[in-house]
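Encoded as structure tokens, the structure appears first; notes follow it.
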């Protein structure tokens with residue numbers, strides 16, 4: 002610790018909190034309705050006071066017992082006592098403390114099979130762990146374990162049980178339970194909780210948040226990634242288990258009496274229930290399935306029901322793994338001894354000492370009341386998108402706090418140069434005049450009178466200008482300005498060079514370089530589908546990165562350089578290149594593990610959901626909503642089967658983004674379309690692609706093409 006930094010003050014021990022004014026007592030305290038006239042201690046939390054009895058509190062909590070057993074100095078003054086009783090200041094939520102005290106002193110919330118709100122259970126669990134009130138902590142755990150059993154049969158029994166027998170008043174409180182489970186490390190309830198969140202909230206709500214009572218709320222970015230990865234795993238798993246009877250029907254010799262009708266029923270049911278985007282329904286009962294078409298024969302219906310039932314159990318067994326959790330048998334160990342409670346801080350002993358308690362009070366706080374936003378459920382803020390960026394230091398001040406680094410001379414070193422630029426410890430000796438000619442920022446800098454330079458600020462008699470930029474990007478820019486590199490006619494440039502031209506060009510007002518970068522990006526990502534088709538997935542003027550994640554690099558460049566008009570196409574292509582699992586969890590290429598920033602994952606997953614529905618209404622409208630019959634159709638039955646089979650082949654069990662696919666890109670299945678239906682479908686596909694293109698920016702919550710066009714007007 003440097004001499005200029007004062008040593009941090011230790012928090013007061015609990016027994017010392019009555020010695021002087023507390024930071025918690027900044028407002029006039031309010032007396033709660035928990036006030037025993039013969040009480041002998043005052044607990045104060047968030048300005049609310051509770052008068053209770055030491056003996057009962059000490060009997061319930063060893064932590065308070067230890068606190069009260071320590072001799073206290075005589076208390077004096079109104080700031081230290083109330084009604085002659087010492088005041089103990091706590092940093093907990095007053096509402097949570099009230100729940101706990103009502104349970105300990107008034108026997109509330111302890112009725113036989115009385116359902117408790119999640120807020121009360123949170124208080125019991127978290128304050129029970131914090132103050133070692135084992136009875137309340139065990140009560141909270143029992144209720145949560147009962148509400149989220151480890152077997153499918155028990156889970157089904159809860160769904161059929163009478164109201165009031167689950168131990169928890171859940172309703173739509175799964176978000177709060179997820180927060181509670183993470184904090185309390187109750188992993189065994191997570192598979193079911195995460196699955197229920199997948200079923201209750203749309204992909205768009207998971208990605209972008211939702212409005213509740215006028216407040217936009219959202220999941221933390223890391224939880225969104227977990228859920229999106231789980232959703233993708235659910236879609237694949239349920240197709241192989243619960244709905245295997247739809248994808249893999251029984252053999253023809255299984256007693257089916259109407260093969261054609263049964264096959265048509267399966268296809269129609271599949272499309273009706275799982276298209277254009279599937280839903281997480283792996284635990285749905287047989288009775289909840291909506292059958293479409295002429296219906297299954299008795300033999301096929303019995304076979305399908307038996308396979309559905311067996312598939313549900315198989316899906317349940319896979320459920321923890323779908324969210325990267327241990328198997329049920331491993332999770333069971335968490336429940337074997339309810340007296341065992343792991344500390345949130347693994348460095349602390351299980352029985353927490355008083356000083357450690359007061360050092361960590363704020364770490365264990367929850368906000369259970371209805372009028373507070375739960376910790377996991379908070380208003381959408383800029384912090385959800387990305388951490389606030391620190392302002393760059395001005396070039397002339399950048400040496401004040403710079404860590405000592407070894408300085409390196411670059412190969413951009415002109416013997417007759419008169420200024421040295423330093424970036425990341427790399428020196429570049431160049432000419433002021435040429436630099437000033439290219440950049441108004443440097444021109445202004447060099448025109449200002451400079452104070453006499455000390456030895457540390459010069460090299461070879463030249464002043465040193467410290468830059469906070471990447472040395473590699475500075476080199477790209479200087480090579481372009483002083484050596485005319487990267488400026489050849491239709492010469493393709495690496496993304497890194499384009500990024501340097503764009504971002505440093507903007508920063509230092511090097512208009513020629515910035516324009517060069519923009520022209521290349523605008524040419525590579527045009528605003529019309531006709532121009533995009535002419536490029537046919539090429540990126541003219543730009544070559545890929547070494548690990549061939551070009552579009553990922555361009556996405557980062559577009560965000561950094563605020564080149565929004567290229568984003569619709571860039572984001573769409575990323576959706577087509579990377580699987581949902583790779584988007585959620587990252588991917589490895591050439592020994593390098595890469596992943597998208599959390600906020601980009603959320604944007605892409607919201608866009609994916611929009612793509613699935615948009616392409617079903619535009620490009621592939623001929624598959625999902627065909628005219629019945631198409632005028633001139635000569636084989637209605639065969640054409641209908643072909644559409645169904647093609648939809649299933651291309652978009653189930655997990656859909657793929659294909660709204661900009663050419664007609665030739667998709668695989669036709671089934672007996673084939675007649676000439677009339679083929680021509681009609683091809684025409685509608687072509688028209689639909691254009692409609693999908695027009696919608697593309699809105700699918701990622703970007704302005705329409707006409708608005709994005711304005712970004713390019715100064716280059717036209």
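In our numbering, the protein residues as written are 2 to 717. All residues carry an ideal CB built from backbone N, CA and C; glycine is no exception.
Exercise for the section: Using DSSP bridges, identify the partner residues of residue 50. Expected result: 32, 45
Problem - Buried or exposed (CB count within 10 angstroms, at least 16 for buried), residue 277 - result: buried
Handout entry: residue 782 classed as buried or exposed, judged by whether at least 16 other C-beta atoms fall within 10 angstroms
Key = Residue 782 lies beyond the residue range present for the chain, which begins at 2 and ends at 717; the question has no answer from this structure.
Practice task
Go ahead and label residue 606 buried or exposed: buried means 16 or more other beta carbons lie within 10 angstroms of its beta carbon, across all protein chains shown.
Solution key: buried
Handout entry: Rounded straight-line distance, which links the Cα of residue 441 to that of residue 416
Key = 24 Å
Practice task
Please confirm whether residue 709 and residue 698 have their CB atoms less than 9 Å apart.
Solution key: yes
Problem - residue 465 vs residue 523 beta-carbon contact at 9 Å - result: no
Handout entry: Of the listed residues 435, 258, 68, 83, nearest to residue 36 (C-alpha basis)
Key = 83
Practice task
Could you check what DSSP says for residue 536 in three-state terms: helix, strand or coil?
Solution key: helix
Practice task
Could you name the residues of the same chain whose beta carbon sits closer than 6 Å to that of residue 121, not counting the 5 residues immediately before and after it, in chain order?
Solution key: 100, 110
Exercise for the section: Give the range of the beta strand (DSSP E) segment to which residue 108 is assigned. Expected result: From DSSP, residue 108 is part of no beta strand (DSSP E); its letter is neither H nor E.
Handout entry: Contact between the stretch 263 to 282 and the stretch 630 to 647 (3+ Cβ pairs under 8 Å)
Key = yes
Practice task
In the DSSP assignment, find the unbroken beta strand (DSSP E) run with residue 412 in it and report its ends.
Solution key: 409 to 414
Problem - For residue 217: DSSP bridge partner residues - result: 212
Practice task
Assign residue 409 to buried or exposed, taking buried as 16 or more other Cβ atoms, counted over all protein chains shown, within 10 Å of its Cβ.
Solution key: exposed
Exercise for the section: Quick one: grab the DSSP three-state call for residue 657. Expected result: coil
Problem - Three-state secondary structure assigned by DSSP to residue 176 - result: helix
Problem - Per-residue burial, residue 212 [other beta carbons within 10 Å of its own, 16 or more giving buried] - result: exposed
Practice task
Quick one: using the 10 Å Cβ neighbour count with 16 as the cut-off for buried, is residue 335 buried or exposed?
Solution key: buried
Practice task
Could you please give the first and the last residue of the uninterrupted beta strand (DSSP E) stretch that includes residue 465?
Solution key: 463 to 468
Exercise for the section: Can you give me the start and stop residues for the alpha helix (DSSP H) that residue 1 sits inside? Expected result: With the chain covering 2 to 717 only, the question about residue 1 has no answer from this structure.
Handout entry: In chain order, each alpha helix (DSSP H) run of at least 4 residues that lies wholly inside the stretch 577 to 655
Key = 581 to 586, 599 to 618, 622 to 625, 637 to 652
Problem - Exposed unless 16 or more other CB atoms sit within 10 angstroms - verdict on residue 299 - result: exposed
Handout entry: Boundaries of the alpha helix (DSSP H) in which residue 698 is found, first to last residue
Key = 676 to 700
Exercise for the section: Please state whether DSSP places residue 488 in a helix, a strand or coil. Expected result: coil
Problem - Any 3 or more C-beta pairs closer than 8 Å across the stretch 605 to 623 and the stretch 685 to 700 - result: yes
Handout entry: Length of the line joining the Cα atoms of residue 250 and residue 271
Key = 12 Å
Exercise for the section: Return yes when the Cβ of residue 221 is within less than 9 Å of the Cβ of residue 259, no when it is not. Expected result: no
Handout entry: Residue from 96, 194, 148 whose Cα sits closest to the Cα of residue 116
Key = 148
Handout entry: Cβ pair residue 128, residue 187 closer than 9 Å
Key = no
Practice task
Would you tell me roughly how many angstroms separate the C-alpha atoms of residue 317 and residue 238, rounded to the nearest one?
Solution key: 10 Å
Problem - Pairwise C-alpha distance: residue 207 and residue 621 - result: 26 Å
Problem - N- and C-terminal bounds of the beta strand (DSSP E) containing residue 423 - result: 420 to 424
Problem - Spatially closest choice to residue 210 from 194, 184, 176, by CA coordinates - result: 176
Problem - Neighbourhood of residue 419 by C-beta distance below 7 Å, restricted to the same chain and skipping five residues each side - result: 432, 433, 463
Problem - Of the residues 678, 52, 315, the one placed nearest residue 107, counting alpha carbons only - result: 52
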